[in-house]
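Below is one structure, written out as structure tokens; the observations come after it.
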Amino acid sequence: MPRISTAAVWIISVWLGIGIFDAIQTVLTMRAEGMHHAWAHLFITLLLTYLPWALATPIVMSLGCRYPPVQLRPFQTWVIHIAFCAAIGVVASAWNAGLETLLNPWAKTGAPDPFLHFWLYKFYNGLLSYVFLYGAILAVTYGLDSRETLARQQIETARLNEQLSKAQLNALRRQIEPHFLFNTLNAIAGLVRERRDDAAVSMIAALSDFLRCVIQDSNRQQVPLEEEMEFVQKYLDIQKMRFAERLRLSFDVPSELLPAQVPTFILQPMVENAVKHGIAKRAHGGEIHLSAVRSNGMLTLSVYNEGPTLPADWEKGSAGIGLSNVRTRLRSLYGETFRLAVSNRGQSGVEVSVSVPFAEK
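Last residue of the sequence shown: 978 (our numbering), numbering continuous.
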């Protein structure tokens, strides 16, 4: 047995409800005025009045979707709708004339009118009602179609944002690998030349662990802060081998914040900038301090490095480009509900902080 679609159920229910309301209202009004008729026949007649409109509704809705009333060629659109509204009016008035002739008891009490005259009377008398009903169907159709279009656009936007985030993540991954590999391999080569074999082996092992983290779970947009900290720690382990005592590290990350979800590789560019533009430029090195704080529903990750402060045009340099990529990625993930701030800490260093909505998986 074929199933009735949800749209058909709604159409039948709406027109049945309108017919019942009109029938009840008419019967109550006539009884209040002292009229006496075969109420069952009258009720059925009024209930069947809207049958042509119920049957025509799917066609009107289809025309409304194909020729929306707000499209670029309004003349052609309105000609089509006016013509179809008139056609429904002709059919509906003929149907109503036939109903009143056959079923309506009070139609038989007076002098009988010819069917054609009764038909034309019904058409002209109900013209405004036909226009109103047709317009109401068009308005509902336009509203439903607009809602569906908006939902499709939101789904498509979400899909495109996800693709953008993945592309940015892949671009970041490719950005990490080449120059970092170059610097690390140079450092390993230097250790080998100095015959510091144990140190070279340790750096190779650390590099292997780091690259494994880069490759694994390549499609994840977010990871627990604990995993991100482990990844950054592997990166810093390698840098520690390069800079030795010149690089000093400190962390202030409460354990209760470790399950928080953060963007994958969000800390690595911040720490890399701290090493490249801070520690590497000082003969005696300096400290990098990484902290995490939760406040007002936001998780703030901060990386501070001792070293030269930022010049006024710092955003034009490589540090600015790297952080601009971070900002673009954060916007694709969080819209405008994030904060990326870069500031000088007096004359002693630079702090970069990222605030994102706090969430646990």
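All C-beta atoms in this analysis are idealised placements derived from N, C-alpha and C, irrespective of residue type, glycine included.
For residue i, tell me which candidate among the options has the shortest Cα-Cα distance.
i, options, result
"residue 765", "713, 682 and 832", "682"
"residue 913", "923, 818 and 955", "955"
"residue 628", "959, 680 and 667", "667"
"residue 964", "958, 925 and 680", "925"
"residue 695", "751, 832 and 960", "751"
"residue 637", "908, 763 and 664", "664"
"residue 674", "643, 804, 761 and 625", "625"
"residue 805", "855, 898 and 632", "855"
"residue 661", "670, 633, 680 and 646", "633"
"residue 942", "639, 733, 705 and 890", "890"
"residue 922", "774, 953 and 887", "887"
"residue 895", "917, 916, 860 and 911", "860"
"residue 669", "716, 917 and 845", "716"
"residue 972", "799, 686 and 950", "950"
"residue 775", "958, 952 and 643", "952"
"residue 832", "882, 862, 853 and 803", "882"
"residue 846", "838, 908, 815 and 819", "908"
"residue 703", "813, 749 and 827", "749"
"residue 759", "897, 851, 862 and 686", "686"
"residue 799", "824, 815, 812 and 811", "824"
"residue 701", "819, 712 and 679", "679"
"residue 849", "830, 838 and 699", "830"
"residue 906", "897, 761 and 868", "868"
"residue 828", "801, 623, 911 and 738", "801"
"residue 978", "898, 837, 962 and 747", "837"
"residue 744", "773, 718, 699 and 772", "699"
"residue 747", "693, 671 and 803", "671"
"residue 631", "691, 898, 645 and 757", "757"
"residue 712", "646, 737, 635 and 897", "737"
What residues match up with residue i in a beta bridge as DSSP calls it?
i, result
"residue 648", "None; residue 648 has no bridge partner."
"residue 918", "909 and 971"
"residue 664", "DSSP lists no partner for residue 664."
"residue 773", "Answer by DSSP bridge pairing: none, since residue 773 is not bridged."
"residue 966", "923 and 962"
"residue 717", "None, per the DSSP bridge assignment."
"residue 953", "According to DSSP, residue 953 bridges with nothing at all."
"residue 977", "877"
Hey, residue i and residue j are a contact pair by Cβ (cut 8 Å); roughly how many whole angstroms apart?
i, j, result
"residue 677", "residue 754", "5 Å"
"residue 797", "residue 877", "26 Å between Cβ atoms; not a contact."
"residue 817", "residue 808", "4 Å"
"residue 843", "residue 875", "4 Å"
"residue 967", "residue 927", "6 Å"
"residue 884", "residue 920", "7 Å"
"residue 872", "residue 918", "At roughly 15 Å, the Cβ-Cβ gap does not stay under 8 Å, so residue 872 and residue 918 are not in contact."
"residue 684", "residue 697", "5 Å"
"residue 840", "residue 870", "The pair is not a contact, with the Cβ atoms about 14 Å apart (cut-off 8 Å)."
"residue 714", "residue 735", "4 Å"
"residue 740", "residue 710", "4 Å"
"residue 826", "residue 851", "5 Å"
"residue 820", "residue 858", "5 Å"
"residue 940", "residue 959", "6 Å"
Check your understanding: Can you find at least 3 beta carbon pairs, one from the stretch 901-908 and one from the stretch 946-962, that sit closer than 8 Å?
Key -> Per the Cβ contact rule, the stretch 901-908 is not in contact with the stretch 946-962 (fewer than 3 Cβ pairs under 8 Å).
Practice item. Any chance you could list the beta strand (DSSP E) runs of at least 3 consecutive residues sitting entirely within the stretch 830-915, in chain order? Key: 839-841, 864-869, 878-880 and 903-912
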